[in-house]
Amino acid sequence: MNIAIPLILLVIDLITFQFTTLDLAVQDLFYNFQNSTWLLSNKDNWFLHFILYSGEKKLILIFGISVVLALIFYRKKQIVSDYKSGLMIVAFSLIVVPFTVGQLKGNTNMPCPCQLERYGGKFPEIKLFNSYPSNFIQTQKAKCYPAGHASGGFALMGLYFLFKTKRNKRMALAGAFLTGWITGLYKMMNGDHFLSHTITTMLLAWILIFLVSIVVYNFTQDKEEYEAI
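Numbering (the working numbering), first residue to last: 6 to 234.
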């Protein structure tokens, strides 16, 4: 599979959400307009917040640090040596994907659902490639697109390259998708992200990990083991 597929899907994603109201239609399902409340609340569901967000983030961080430490201090161990390319892809994926998504979030100036007037906020509804209305006075920069919270989960797609058998590769990929989407859906249910935010993050992770894998396999000269997502 080549990089053209996620790139084409990303273009379709951008066009779809630019010219439709799909984001709002989906987000409306998670918002109670009568009570002005979201389906889930961080304050009322602290356990879910820990399991699906803060706890998950900590686990991914610990895992990423462990992989880096293994590559640095245990690189001569047989198991680390045998899986060196895969471990490097995992490590770089866990760095590159969240960093890139974070940089984009800081520059797209797109609001979260909870910041929109439609849901009790102060921001007008706006598309990615449109400008804010001239009469809107922006007092703070919005930093909600794409979905940064799900980026760590989708970065785990790099685990695909860690395993040798197709079965394990598919299981690793499925686990990463599940982790990313669990976080993405949770943040949609409490008004922090739209559907398009999570889809874009997933596709960006796919593209970035693809590029990381090419660089790593060329660097380590393990081209015979290369098999793209």
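Built from N, CA and C at the ideal position, the CB exists for glycine as well.
- Ranked by how close their Cα comes to the Cα of I65, the residues G157, I142, K174 have G157 in first place.
- Sequence-distant Cβ neighbours of K132 in its own chain, meaning closer than 7 angstroms and more than five residues away, are Q23.
- The alpha-carbon of M194 is positioned some 29 angstroms away from that of V95.
- If you compare the alpha carbons of F141, T21, T188 with that of F55, the shortest gap goes to T188.
- Per DSSP, the unbroken alpha helix (DSSP H) holding S71 starts and ends at 60 to 78.
- Take the alpha-carbon of I17 and the one of W43: they are about 29 angstroms apart.
- As far as DSSP is concerned, Y124 takes part in no beta bridge.
- Closest option to N40, judged by alpha-carbon separation, among G107, G125, L183, L178: G125.
- Counting only residues of its own chain and dropping the five nearest sequence neighbours on each side, S218 has a CB closer than 6 angstroms to the CB of I94, F166.
- Just so you know, the alpha carbons of I13 and I84 end up roughly 37 angstroms apart.
- Between L209 and V101 the beta-carbon gap is near 10 angstroms, outside 8 angstroms, which marks them as no contact.
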